[in-house]
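Novice: Residue numbers (our numbering): 21 to 916. For each residue, glycine too, the CB sits at the ideal point set by N, CA and C. None of the values given here were measured: they were computed from a predicted structure.
#1: Can you give me the Cβ contacts of residue 734 inside the same chain, cut-off strictly under 8 Å, excluding the 5 residues immediately before and after it?
#2: Between the region 539 to 553 and the region 481 to 490, do three or more beta carbon pairs fall short of 8 Å?
#3: At a cut of 8 Å, does the region 150 to 159 reach the region 195 to 208 through at least three beta carbon pairs?
#4: How is the beta strand (DSSP E) around residue 745 delimited, first residue to last?
#5: What does residue 37 pair with, by DSSP beta-bridge criteria?
#6: The beta strand (DSSP E) spanning residue 160 covers which residue range?
#7: In chain order, what are the residue ranges of uninterrupted beta strand (DSSP E) at least 3 long that sit wholly in the region 597 to 676?
#8: Near residue 260, which residues of its chain fall below 7 Å by C-beta distance, leaving aside the five closest residues on each side in sequence?
#9: Taking the alpha-carbon positions, what's the residue 758 to residue 336 distance?
#10: Which value, in whole angstroms, describes the spacing of the CA atoms of residue 870 and residue 831?
#11: Helix, strand or coil: which one does DSSP assign to residue 808?
#12: Rounding to the nearest angstrom, what Cα-Cα distance links residue 439 and residue 409 in this structure?
#13: Quick one: residues in its chain with C-beta nearer than 6 Å to the C-beta of residue 589, no 5 flanking neighbours on either side, listed in chain order?
#14: Run the CB neighbour count on residue 814, radius 10 Å, all protein chains shown included, and call it buried at 16 or more, exposed below.
#15: In chain order, what residues of the same chain have a beta carbon less than 6 Å from the beta carbon of residue 471, not counting five sequence neighbours either side?
#16: If you draw a straight line from the alpha carbon of residue 59 to that of residue 839, how long is it in whole angstroms?
#17: Count Cβ pairs between the region 400 to 407 and the region 316 to 326 that sit closer than 8 Å; are there 3 or more?
#18: In whole angstroms, give me the CA-to-CA distance for residue 239 and residue 224.
#19: Going by the DSSP bridge assignment, what does residue 481 pair with across the sheet?
#20: Taking the alpha-carbon of residue 675 as reference, which of 636, 662, 691, 661 has the nearest alpha-carbon?
#21: Measuring CA to CA, which of 175, 659, 569, 213 is closest to residue 207?
#22: Which of helix, strand or coil does DSSP assign to residue 23?
#23: Where residue 456 and residue 433 are concerned, what is the direct C-alpha to C-alpha distance, given to the nearest angstrom?
#24: Select from 412, 70, 593 the residue whose C-alpha is nearest the C-alpha of residue 704.
#25: Could you give the residue range of the alpha helix (DSSP H) that holds residue 566?
#26: How many angstroms separate the CA atom of residue 104 from the CA atom of residue 250?
#27: Closer than 6 Å by C-beta to residue 354: which residues in its own chain qualify, once you throw out the five before and the five after it? Chain order, please.
#28: Please report the residue range of the beta strand (DSSP E) in which residue 417 lies.
#29: Exposed or buried, residue 631, counting other C-beta atoms within 10 Å across all chains shown (16 or more means buried)?
#30: Count Cβ pairs between the region 790 to 797 and the region 854 to 863 that sit closer than 8 Å; are there 3 or more?
#31: Could you check how far apart the C-beta atoms of residue 40 and residue 51 are, in whole angstroms? I think they sit under 8 Å.
#32: Beta-carbon separation of residue 116 and residue 237 under 8 Å?
#33: Leaving out the 5 sequence neighbours to the left and right, which residues in its chain are closer than 8 Å to residue 333 when beta-carbon positions are compared?
#34: For the alpha helix (DSSP H) containing residue 590, list its first residue and its last residue.
#35: Looking only at DSSP bridge pairs, what is residue 56 linked to?
#36: For the putative contact between residue 522 and residue 486, defined by C-beta atoms under 8 Å, what is the C-beta separation to the nearest angstrom?
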C-alpha cells in the first residue's frame, strides 16, 4: 500500500517539514524519527510512504512538524488525523492536509471544557455516505448548534451544481465532519464550499466565508483521497462564559469543619448555576503540610505536586453512617471552628488528621476488598508511595528538611519499598496517608462530576514552583537547582521583589526524559480539572533566580539571560572597576542617611573602614548572615530597622557577576538607577550604564527567551487537553504575547495592571478574545479595597474608565462595584472571572463591612497567613433571591 501525504503550507527559506505517525514506517510517534518531506511547490510539501502489504494494517494517526533553520521545532496542534483502514479500501491513498496552527481560535473549542461539558450533549444528523468513493472530505466546525449539520455544495453533478435545496450532508465522526463522495465520472476542476444545514427546518442556511475551495487529487482507478480541510470558515458568535474564583479553604457551608471542603464545591456549583456562571476557579489544592503550623497555609508551597491537602477532606463522608459517632464526638469543636470569621489552620488540621487516623483504624480491613482503592493505588503508585513515606519520615523526625533525617535523607526506591512494606510495625502510620488520599480523590471526583452535570467546569491552578523540602525535591533533586531560590522582580506590589524560596527547575535534565514529571503532573490534574491557570507563566521563558545567601528578591536576576561582557562596558566609555560595581558601595554619608542615630552602632558592629568607604564584616556580608544574627536577638522596632537597613546596604550594587566568568560577564541589578551606588557615579558612566541596562532587559533577551519557552511550553501543552490560561503578569517580555498566541493559551487581563506601559488602566472592552478578564486576583485587594488605597488614582479611574464627571466617592459604593463587574461581563474576552468578594460587593446587604477583611494574600509579605473565608454560608447565599436574580440578569444580558 502507498500513502502519499501532501501538506498545504507555505514555508520560508531554511524551513523543512517532517511527518510523524503512529506506524513504525513513520517513526512510531517518536518526533526524533519523523520523516523529512519533499518540497513540491510554493505551498505544498509531499512525502510517499510504502507500507508492507503483508503486515496487518492498524489505524494510523499522524501529524506534521515544522523544523526551523536554527533547529527549533514546531509540532502542529492536535492528534486527530486518522487513516481508518476499515473505511479506506484503495491501495493508493493520497492525504491532502491543512496545517493545524495551535493558535487558531477554533482549537480552543476542542479542549476538555467544551468537548466534555459544554458541547457533550450535541446531536447531529447523519449525512450522506457513498459506498464507493474517490474523496473523503473532513473539516471541523466546533460551534454549530444542536439543530445544525455541516454540508457541502459546489460545481458538478455530485455537488449539485451549487443547488442548496438538497446539499450533501456530512456526518460527525470524532472531531471531524465527514462526507465520502465519488467524483469518478466528473469533469475537473471542481470547486466547493462548506455550509450549514438546519435539521429542524430542513433547509440550507449559509455558506462558509472565504474563497471557493478546489477539489484536489485525482480519480484514477484504485486511488482514494482523504482531504483534511482544517476549519470551516464560519462566522461564529464569540462563545463567552463567566466564572467565580475562590480558594477551597475560603468556602463556607453549614456542614464544613472550619474550612472549605471538596464536597462544598457541589454547593458552590448549585449557586453558580443559579446565577448563570459556567466556571469555578480554585487555588492550588495540594498538600502543604511541612511544619504543622499556620505557616503551611501558603497554598503555593506544596510538599507534593500530586498529593491533595488533607484539610479538604469531608470527615462525615469518610465515616458514613456506620462510623458517624467518631465525627459526632467532635461536633461542638466543628461548630466552634466553623463559626470563626477566618480559618484556624492549625486547629482544623489537627482535628482532621486525628479523626482521619481513627477512621483508618476502623476501616483499614475493608480496604483489602475495595477494588476502587486498589485501582487508585496502582494508578498513582509512582507518587503515592513516596509521598506516604515522606510524611511518615517527616513526622518521625519532626522536620520536613530531609537533610536532617537520620535515615533515608537520600531517596532510594528500594529502601523506601522496604520502609513501607506491610510487614513493618509502623505500616499503619504510612498507609493512613494512602487512605486519606484515596478519599480526597473520591470526594474531588464526585464534586467535579457534579459540576459537570450542571454545565459548569472547574479550573485548577498550577504553581510554578515546588517546595524546597518537599517530596518532589527529595525524590529527584537533580530535576531542580537546589542552590537557587525562585521569586519575582520588584513591582508595585512588592517593591523589593519576591523570594518564594523554591528551587528553580533544571530544564535540561527535565528535557532529557521528555518532561516526564510535568506530563505526569498534567495527567493527574486532568483527572479533576477541565482548565488550569499556569502560575507565573513567565517562568517558562526565564525565572527570577535568587542566590541562597540572599533574603530579598531584589538580589535576584533572570535565568537564563545573556550577560553583559566587560568589552561592552569599555565600548560605552565606562571605566569599570570590579569592586566598585559588584560590591556594596557604602559611604560615610550613606550610613548616616540610612541609620541616623544608630549609625555609630552599625559602623562599630557590622562594618569595616577600608580605603575611602566601608565594607561589611565577613560575619554580616550576606543577607542570610544578617538574618541569622537578628534571629538570635529580641524582636524590636530598632532591631528590625537595622536589619532592613543592612539588607539595603548589601543590595547597593550595580552588577552581579556571571558565575565562573572570571570577572568578564555581568548581570544588572534590577532598578539599578535607584541605588546610591549608581547615583554616586559620574554622568558619563551613568549614561553608558543606562544604555546597556535598557538593552539588557528590553532588547537582547527577547529572541533568546522566546526559544526557551518554545522548547518547553508546546510539549507540555500537548500532554493535556485541558484549556490553558497563563498568568502573564509582571515584567512581561515582548515575546510572551506572541508565544501565547501561537500556542492558543489564554492570557490574563487585569484592569489595574495594563500591559501597555503607556496606559494607567486596562479597559475590559479592549481584551483579546482568547483571554480571561478580571478586576482582581487573590494576590490583590478586592475592588472595594483597591478603591480606598489611592484616591487620586481612583479619581482618574472614575472619570476616564467609568466615564463619570465630578469627584469620585471616597468609598467604593455598591453601584460603583456593580458598574465595574458589569463592565467586565460585557468584555469580548472568552472568559470573565470574578473573586466571590467582588461579586458580593455589588450588594450593600451582602458585602462585608470592612473590605480589608476580604483580601486573600499580600505578596509583599512572605509570611502572610492565608485564612480568608466567606462571611456567609453558601446555603445563605442560595437564599438571597433578589441578589441572585439581579446578578443572573447581568450575566444573561452580557451573553455569557
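Specialist: The short version:
#1: 94, 95, 122, 763
#2: yes
#3: yes
#4: 743 to 746
#5: 86
#6: 155 to 160
#7: 627 to 630, 633 to 636
#8: 850, 915, 916
#9: 49 Å
#10: 11 Å
#11: coil
#12: 7 Å
#13: 596
#14: buried
#15: 289, 478
#16: 57 Å
#17: yes
#18: 28 Å
#19: 553
#20: 691
#21: 175
#22: strand
#23: 22 Å
#24: 593
#25: Careful: residue 566 lies outside any alpha helix (DSSP H), inside the beta strand (DSSP E) at 563 to 567.
#26: 18 Å
#27: 277
#28: Not the beta strand (DSSP E): residue 417 falls in the alpha helix (DSSP H), residues 391 to 417.
#29: exposed
#30: yes
#31: 5 Å
#32: yes
#33: 281, 282, 372, 376, 456, 459, 460, 463
#34: 586 to 591
#35: 38
#36: 6 Å
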